[in-house]
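Take the sequence shown: its letter number 78 is residue 81 in the numbering used here, and every next letter is one higher. Heads up, the beta-carbon is just placed ideally off N, CA and C, and yes, glycines get one too. Keep in mind it's a predicted model, so treat the numbers as computed, not measured. What follows is a single structure, written as structure tokens, with notes after it.
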Amino acid sequence: MDGGPRVPEQRRPSSPAEAALRFSVLGPVRAWREGQPLNTGSPQQRALLAALLLREGRTATAGELIDALWGTEPPSQALAAVRTYASRLRKILDPGVLVSESGGYAVRGLGEGALDLAVVQDLAADAEKARSGGDLGRARELLGRALSRWDGEALAGVPGPYADAHRVRLDEWRLQLLESRLDMDLEQGCHAEAVSELTALTAAHPLRERLRELLMLALYRSGRQAEALAVYADTRRLLAEELGVDPRPGLRDLQQRILRADPSLAEPSAPAAEPAPVPVRPAQLPATVPDFTGRSAFVSELSEVLASAEGRVMAVSALAGIGGVGKTTLAVHVAHQARTAFPDGQLYVDLQGTGPRAAEPETVLGSFLRALGTPDSSIPDSLEDRAALYRSVLDGRRVLVLLDNARDAAQVRPLLPGREGCAALVTSRVRMVDLAGAHLVDLDVMSPDEALALFTKIVSAERVASEREAALDVVAACGFLPLAIRIAASRLAARRTWTVSVLAAKLADERRRLDELQAGDLAVKATFELGYGQLEPAQARAFRLLGLADGPDISLAAAAAVLDLPAEATEDLLEALVDTSLLESAAPGRYRFHDLVRLYARACAERDEQPTGERESAMSRLLDFYLATAAGVYAIERPGDRTVEHLEPTRYPGLSFTGHREALDWLYSEADCLLACVRQNVSPATLRRSVDLLLASKDLAESGANAHQFGAVATVIRDAAQAAGDARAEGRARTTLAQAHISAGRFDEAEEETRRAVDLTTDANDPWMDCNAPSERGIVAAYRSKNAEAEAFLQRTLTAYRADRNLPGEASALCNLSRVHLALGKVESAVKLAEAGVAIYRHMGLTVRVANGSYALGLALTQSGRSEEALHQLSEALVIFRDSRQRLWEGMTLFRLAEVQLDLGRPAVAAEHAEQSLSVLLHVGGDWRRANVRTLLGRALDALGESDRARACWSDALTVFEQLGATEAEPLRRLLSPTTAG
């Protein structure tokens, strides 16, 4: 990184005036004063300025300058021309900058940062120091800033042999800096992102072996071993043909290590102590209780296990005990004490193991990966891939993971760090004897002395001292359970007029009401009964009704809907429940129940809620709230779409949003609660609203974090609608489920759902289904190359949208028809259809939807031979899709851009776009789409002469197509046949 030319003599401490004069040579030769460009004159005059700037402040004689500008054949008036150029430059520059001495000229006294080359040299030197000092993240950031100072080719447009020589030198230096930065990218696990850049660089510099080596390593670490080996084969053949030499030893050694699947290749070669570029240290542990009491033996035992994490593969402790025995409190207390031993962070999750739907490991892993700094776009879909990435992210870090309220060992295993220096604490109501290597701890109730000490800490020693026997009766009535004791003591502490004896008497009376549960649970329920019995009527109602909702937590606005109260009154009630330990404050404005408390709240609602219909009314209001709010989000995302007018009416209002991002943030943050509400409300009275809530939330189907959950809920609601014999609800559910299948590339399942949905339109009498069911059926048919069928269904869709006066829907149908006409060879009509769709979108001012139209128009223009226009349309669509977080369509647009670039004879650019598409589609879109991108990437690489890597891409794609039974397999078989290869 020190190979660049130096210019130290030019610099001096800058004053404000001097700092205002700036020059660039890493691109066109330009000058600015206070941000305003200066006229640097003709190409020869710029060549003179460049020669002086690059001489590091030294004087250049007139003869040297003549050689620099014209070489061995100067014009007859060369000396006069040099003097003229110097005079003109002196007039536009600051006084004293261009000086004359000894018959020559020099540029002196530039302020700090005045020359871009000098800035880059400083940044590169600082990056080298940071890397040598172990700060890899800082080094990457500095090199990124250095490389960003280039603005195209150095000394662009400057004539003369001196500029030519320095142009080559600066280009080589830039490549060295790029190689250093890419090497550090791989060190920090950014291999998938590096592949596209390296593909483009190797195409531009095919004989540069270091770039080939980095590309092989990036491909190998991205799970593309065959392509990595193919890069070596292509390189060896190219070097033999062009230079008559073999690859250098380093490249040959890397090939052999890849063939052996050398484990060290998967690990960064930099010291393990190097931090990540943007260190993320999660601190998710809940607050420990200030009055933690007793359990000293358990604290010592667990602390000793955690202390042994260093040097062990993983330290795991699993605490088991009945609900309310204090497992979470103990685990959190021990975890806080051990925090200093885990400097890279602490992760926490409530696995909801005793609830009706325990947390899914893949969902938890997604949350953990985000907390550890992994962007959403890099989080895989499958449980196995997320678990593997989780372990990789934790490698070399010391992190404590607290897995609270686990259902069983199967739920826990994928969440264990599995790395030396990390540790896990697990709490569960079951003993995890099948969790290999775990240190098992059975947590029993407190001893009488510990229980009394906890009670005393909360109530105060003064009140307990005179009524010790009554206090012992209270803790005994609580079964010596910490949670029960805490609730009882909190109630007493809040009531200064009560004595301990009054509380003891109340407990004695109320225990007789408990006859439903087993002994362990009986004690827990007794505690809840105590707390519940002492609530004010409004608090008790809130407790009962809020427990009915299935979501993992609930927002203040949603709780207000359940209770049918203003937000302020609702917040007062919820905070009062928090004070009694019957409710937890999960985050500002969000609340949750302990799982056992929720079960008890529901039992109270069944027993005490009068009139009995109030339970159904509360859940109906919650469903209305979610539906009304989701409909508002849908309307913001798709203005003019009449779908919102065809949704079931709601009696309870939802939230309103001022902007697009605020609306989407609500949808994604409420996804778990919203989908839980849909799953919970499948009775005939709520079925249609639940289906419509799912329909209005269909953006979740394209979300990597929510797509699987969305599909599962859609399946449940479809089955419920079918069982109820509700044709409209079933048709809408099947259509929505089909959209989820299409987004995931599951076309067989989508075809079956759309077939049934179209059949149901006859009985449904539903304008929305008349439009959307045949639309999805046509889209699936198009994907399956059933083009005549696709055209028929999309024409039917177009007619239905027009009948419904749904202009955005009409535009969508026109764009989809355009793609079918392309497949049928009707290129001219395809262009007209897409242009008509775009015109509607633009007329309505639908920015996001314009991207869909531009995408379709770009495809049509490509096939009509209007490639440059196609590039414009697709590039416009790409910007909008990225801004709108539409990852699927961002990836597909990059794929289409690659197609156009390849048609234009730009295989290097095409390969770069294809690699970017693969990176974006890594976790969305399904295998079929990714295989199509790999096929195109192979074509681009083959055009670049990298036939071995091209065949590796085609082989990977063929495997996918054969597994799917796709028609795309046959052309690939022909490409890969020995006859074709020969």
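According to DSSP, simplified to helix, strand and coil, what is residue i?
i    : result
P40  : strand
T970 : coil
E156 : coil
R987 : The structure shown does not extend to residue 987, since the chain spans only 4 to 985, so no value can be given for it.
F26  : strand
R593 : strand
E245 : helix
R251 : coil
Y655 : coil
T865 : helix
L268 : helix
P31  : strand
G536 : helix
V102 : strand
E578 : helix
L113 : strand
T632 : helix
When the distance is taken between beta carbons, is residue j closer than 8 Å to residue i?
i    : j    : result
A84  : P78  : yes
L801 : V823 : no
L810 : I843 : yes
S320 : V308 : yes
M435 : A468 : no
A562 : L585 : no
G728 : A767 : no
V28  : A157 : yes
V415 : G348 : no
S870 : L907 : yes
G894 : G748 : no
R134 : A142 : yes
A914 : A943 : yes
Return the residue from the list the options that minimises the CA-CA distance to residue i.
i    : options                   : result
P164 : L92, A149, L68 and G112   : L68
S450 : P485, R721 and L566       : P485
L667 : L626, A426 and D702       : D702
A795 : S922, S778, V292 and Q889 : S778
R410 : Y393, V429, V396 and R400 : V429
A545 : P555, D556, E532 and L568 : L568
S45  : R25, V161 and R471        : V161
L650 : L158, V851, R890 and Y637 : Y637
I192 : L158, T377, D762 and D930 : According to the sequence shown, residue 192 is Gly rather than Ile. Minimum Cα distance to G192 is reached at T377.
Y804 : G840, K789 and E792       : G840
R36  : P98, L29 and R61          : P98
Y786 : G662, E754, I557 and E304 : E754
D447 : L322, V478 and L418       : L322
L549 : A953, G424, Y594 and D388 : Y594
P540 : L506, A579 and S504       : A579
R240 : S306, D807 and S950       : S950
If I measure Cβ to Cβ from residue i and keep anything under 7 Å in the same chain, skipping five residues before and after, which residues do I get?
i    : result
H916 : L897, L900, A901 and Q904
E756 : R737, L740, A741 and H744
A911 : A203, A206, A207 and L947
L455 : A474, L475 and V478
P274 : Below a pLDDT of 50, predicted positions are generally treated as unreliable, and P274, at 36, falls in that range; the measurement from the model is reported next regardless. So the qualifying residues of the chain are G137.
Is there a Cβ of chain D sitting closer than 8 Å to that of residue i, yes or no?
i    : result
V429 : Checking the listed chains, one finds no chain D in this structure; it contains a single protein chain.
Can you find a heavy atom of the ligand SAM that lies under 7 Å from the Cβ of residue i?
i    : result
A560 : Because no ligand of any kind appears in the structure shown, any question about the ligand SAM cannot be addressed here.
Near residue i, which residues of its chain fall below 8 Å by C-beta distance, leaving aside the five closest residues on each side in sequence?
i    : result
Q866 : L825, V830 and A833
Among residues of its own chain, excluding the 5 on either side of residue i, which ones have a beta-carbon nearer than 6 Å to its beta-carbon?
i    : result
L254 : E212 and E216
L218 : L201, T205 and V234
A955 : A229, E230 and A233
L817 : L836, A839 and G840
A564 : R624, L625, F628 and Y655
Which runs of the alpha helix (DSSP H) spanning at least 4 residues fall entirely within the segment 734-792, listed in chain order?
The segment 734-792 contains these whole alpha helix (DSSP H) runs: 750-767 and 770-786.
Length-filtered (4 minimum) alpha helix (DSSP H) runs lying within the segment 390-477
Runs found: 412-415, 451-462 and 464-468.
4-residue-minimum alpha helix (DSSP H) runs that sit fully inside the segment 161-224, ordered along the chain:
Entirely contained in the segment 161-224, the alpha helix (DSSP H) runs reaching 4 residues are, in chain order, 164-190, 194-207 and 212-224.
Whole alpha helix (DSSP H) elements within the segment 340-391, 4-residue minimum:
364-374
Where are the alpha helix (DSSP H) runs, 4 residues long or more, that stay fully inside the segment 660-692, in chain order?
663-672 and 674-683
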